[in-house]
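Numbering (my numbering), first residue to last: 58 to 751.
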Amino acid sequence: MSANLPLLVEIGSEEIPAAVVPVAAQWLVEQLAQVLGVAANTGTWLATPRRLIAHFDAVAERQADREQTATGPALAVAKSADGQWSKAAEGFARGQGVTTADLTVLDTAKGQYIAAVKRIAGRTTADLVAEALPRLLRTLPVPKRMRWGRQAEPFIRPLHWLVALHGGRQIDFEFAGVKSGRLVGGHRFYHPQPLEAGVDLEDHKARLRAAHVIADPAERQLIIERGLRQLAAEVGATWRQDPQTLHTVVYLVEWPAPLRGEFAQHFLEIAPEVIFTTLRENQKLFTLNDAAGKLSHHFIAVANTLSESSRAVVAAGNARVVSARLADAQFFYREDIRRPLALRRQDLDTRIYLAGLGTIGDRVGRIEAIAAAIAMQVCPALAAQVQRAAQLCKADLTTKMVFEFPELQGTIGAYYAREDGESAQVASAIAEHYQPRFAGDAIAVSVVGQVVAIADKIDAIVGCFALGLHPTGTQDPYSLRRAALGVLRTLAEAKLPISLALVIDVALAQLPQSLRAKAGAPLRDQVITFVRGRLAAHFSGEFGVDATEAVLDAGFDRVDSVQPRLLAVHQLRQHADFAALAAAFKRVGNLVKKSATAGDLGAQFSEQLCEKDAERALFAQVQALSATTAAALAASDYPTALQALAHLRPQVDSFFDGVMVMTDDAGLRRNRLALLGLVAGLFSPIADFGRLQG
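Written out as structure tokens, the structure is:
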């Protein structure tokens, strides 16, 4: 019986991009687990900018032997009536490396087949790992690779060492001109000489620590967080929580050393977002809040160094770079505010948006018209603010500040709008109209911002569709899927009482006449189909595909009603009799649909034509529930409407048990279908029950 021994793998290189490090290390462990035939959670990964480490506590020296069964031709083909093997059987045996005497018969659902059962000897872990690692390193999921020196094998960064030890025994392999060994690198500056890898993970971590490398990213994060709190407290400040920068910095250093720096206080006149972007995005520094909760002129850097003197150099260097960038930003700010946004609006007329859609100035004109139409429906009292916000929403694209910090478009416009004396509503809407900017981002808070945000995004969608720039597969260069979801989320979450079709029609009407004529009538249908698909994708994960499709088939023009109807259907599904209730309503809906296709629907229901008590009872119950259901639907109280409909089930069941709907008597048939149409009309505004499963 082979012993279970620790397996340690380390890949050492030049500094790997921080975003790649954890992804690559985790993937390496998962792939090695597949190679070894063990669960991925039995492995552990550690990583620094210069190393990817994979470890398994207990891996057998050799895989267990296994049986492999290969199925051949049918027995009737493989053997003759007198029991002789056919040429087909002999060829199969030869191909499997066995004799016909070794063949067996398998009973399957399709009949009897011959088979060859071979015993495969388990391979050693050393052989498996040596064979797999070059392949895994070659296919590591990274965005870019590079070549160096004279070797032709690319990798993320130039390799320096490869180590694979099983129970302390070296596993030999080679990749990109580097042969595996037992030595790994320590800290680049404080332990440049190589050291021998540990036998197991704890031993290896201890050896690396002695070489000034903290291999565990969780431990590095704790050290950084402790330093952030301590250094901030020393100047009466607090660390502004920033998980994204923290995660990045953890994978930028091997021996984290937090240190504090500062910039001149007069830079605080700049918009805080500019300072955040400069410090966090560009320099990977941490910002602080002062005792009053405002942005402090102190910041914290995390160095990969040991000595106090070198830390001081790092702090001074960061302060110098930050000050230079903030000085530029301050200059841009002072230059930009000399010219109001209202005057900058005309500059957009010289900037091309997309060929066929004119300039950005043309686009702003379309946004103004769309926003005005939406405002008349949802907030007529704010129409003037909506128009002004739409007029100025892109004006900051002409500023020096946005040219330097493009990710702050909208945000900068809001600050400049306040400087220009614009109302708080207009300024906020300029910043908010880009929201949601990414998955999980909040929608615009103000109604004015919501209206301009919808106008901005729907114009982009219809314009690109008119040009034939549809998203395809994974390709969506104009972020139309995100724009569509932004429109839908804003309509739904803000509960804006407006028709989606109206929004789309207004947007289409603003397109150049030549473009509308070229795109033709299908353009509207294409946009609606696209938007419906995004709506389905958005809700399917939470409510299931069938419920989402059932609700959307009942209508999605009022997007604000979709989620409440989905919640009502979900609540109804918890009802003990849901399956029977859904089946009854599904039968009603299916008959009504078929009769509409056959031309049997459209007759006015007449109680005088009823022959059966079940018909009269069903009609009476429909009449009794109509007022309650109508009131609930008018109030968007969909749970109450569906609960009321649950009382219809006994009468619906009795109707189908005792009444022949599709009778040969055309008048009677149409009257009964008209009655079912009344029933369907009660629940059809909520969902198409025919789409629900179980």
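All C-beta atoms in this analysis are idealised placements derived from N, C-alpha and C, irrespective of residue type, glycine included.
This structure is a prediction, so every number in the text was calculated from the model and none was measured.
{"Asked": "Hey, quick one: how far does the beta strand (DSSP E) through Q125 stretch, first residue to last?", "Found": "R123 to A131"}
{"Asked": "What is the DSSP secondary structure of Q750, reduced to helix, strand or coil?", "Found": "coil"}
{"Asked": "Under a three-way DSSP split, which group does F232 fall into?", "Found": "strand"}
{"Asked": "Under 7 Å between the Cβ atoms of G224 and L62?", "Found": "yes"}
{"Asked": "Would you be able to state if there are at least three C-beta pairs under 8 Å between the region 304-313 and the region 139-148?", "Found": "no"}
{"Asked": "By the DSSP assignment, the alpha helix (DSSP H) with P579 in it spans what residues?", "Found": "P579 to F600"}
{"Asked": "In angstroms, rounded to a whole number, what distance separates the CA positions of N346 and A373?", "Found": "21 Å"}
{"Asked": "Tell me the DSSP secondary structure of M58 in three-state form.", "Found": "Any reading at M58 is ruled out, since the residue's pLDDT is 49, under 50, leaving its predicted position unreliable."}
{"Asked": "Less than 7 Å between the C-beta atoms of A82 and L109, yes or no?", "Found": "yes"}
{"Asked": "Excluding sequence positions up to five away, which residues of its chain have a Cβ less than 6 Å from the Cβ of A289?", "Found": "T295, W296 and L345"}
{"Asked": "Can you tell me the Cβ-Cβ gap for A639 and L749, rounded? I've got them flagged as a contact below 8 Å.", "Found": "5 Å"}
{"Asked": "What does a CB cutoff of less than 8 Å around V292 pick up in its chain, not counting 5 residues either side in sequence?", "Found": "R317, L345, S353 and H355"}
{"Asked": "Taking the beta strand (DSSP E) that F48 falls in, what are its first and last residues?", "Found": "With the chain covering 58 to 751 only, the question about residue 48 has no answer from this structure."}
{"Asked": "Assign S652 to buried or exposed, taking buried as 16 or more other Cβ atoms, counted over all protein chains shown, within 10 Å of its Cβ.", "Found": "buried"}
{"Asked": "Quick one: grab the DSSP three-state call for D273.", "Found": "coil"}
{"Asked": "Going straight from the alpha carbon of V560 to that of A432, what length do you get?", "Found": "11 Å"}
{"Asked": "Pull up the DSSP beta-bridge partners for Y170, would you.", "Found": "A131 and L163"}
{"Asked": "Going straight from the alpha carbon of R401 to that of Y473, what length do you get?", "Found": "11 Å"}
{"Asked": "Considering Cα atoms alone, identify which of G724, L629, A688 and V716 is closest to A703.", "Found": "L629"}
{"Asked": "Out of E72, A150 and V95, which one is the CA nearest neighbour of T105?", "Found": "E72"}
{"Asked": "Are there 16 or more other CB atoms within 10 angstroms of the CB of H323, so buried, or fewer, so exposed?", "Found": "exposed"}
{"Asked": "Is K514 closer than 7 Å to G467 when the C-beta atoms are compared?", "Found": "no"}
{"Asked": "Could you spell out where the alpha helix (DSSP H) holding L548 opens and where it closes?", "Found": "L537 to E550"}
{"Asked": "Please go through the region 294-355 and give each complete beta strand (DSSP E) segment of 3 or more residues, from N-terminal end onward.", "Found": "314-319 and 343-346"}
{"Asked": "Can you tell me whether DSSP reads E104 as helix, strand or coil?", "Found": "Checking the sequence shown, residue 104 turns out to be Ala, not Glu. Correct three-state label for A104: strand."}
{"Asked": "Hey, R622 and I743: beta-carbon distance below 7 Å or not?", "Found": "yes"}
{"Asked": "Run through the region 59-102 for me and flag every whole alpha helix (DSSP H) of 4 or more residues, listed as ranges in chain order.", "Found": "78-93"}
{"Asked": "Using only the heavy atoms of the ligand SAH, determine whether one of them is closer than 6 Å to the beta carbon of V92.", "Found": "With respect to the ligand SAH, the structure offers nothing, as it holds no ligand at all."}
{"Asked": "Near G206, which residues of its chain fall below 8 Å by C-beta distance, leaving aside the five closest residues on each side in sequence?", "Found": "P215 and G234"}
{"Asked": "Restricting to Cα atoms, I'd like to know which of T165, A447, A172 and E118 is closest to E124.", "Found": "A172"}
{"Asked": "Would you kindly check if the distance between the Cβ of G525 and the Cβ of G242 is under 7 Å?", "Found": "no"}
{"Asked": "For the beta strand (DSSP E) that H223 lies in, which residues bound it at each end?", "Found": "L216 to H223"}
{"Asked": "Can you tell me where the alpha helix (DSSP H) holding D670 begins and where it ends?", "Found": "D670 to A691"}
{"Asked": "Using the C-alpha atoms, what's the distance from A138 back to T128?", "Found": "21 Å"}
{"Asked": "Mark M717 as exposed unless 16 or more other C-beta atoms lie within 10 angstroms of its C-beta, in which case mark it buried.", "Found": "exposed"}
{"Asked": "Alpha carbon to alpha carbon, what distance is there between D385 and A358?", "Found": "21 Å"}
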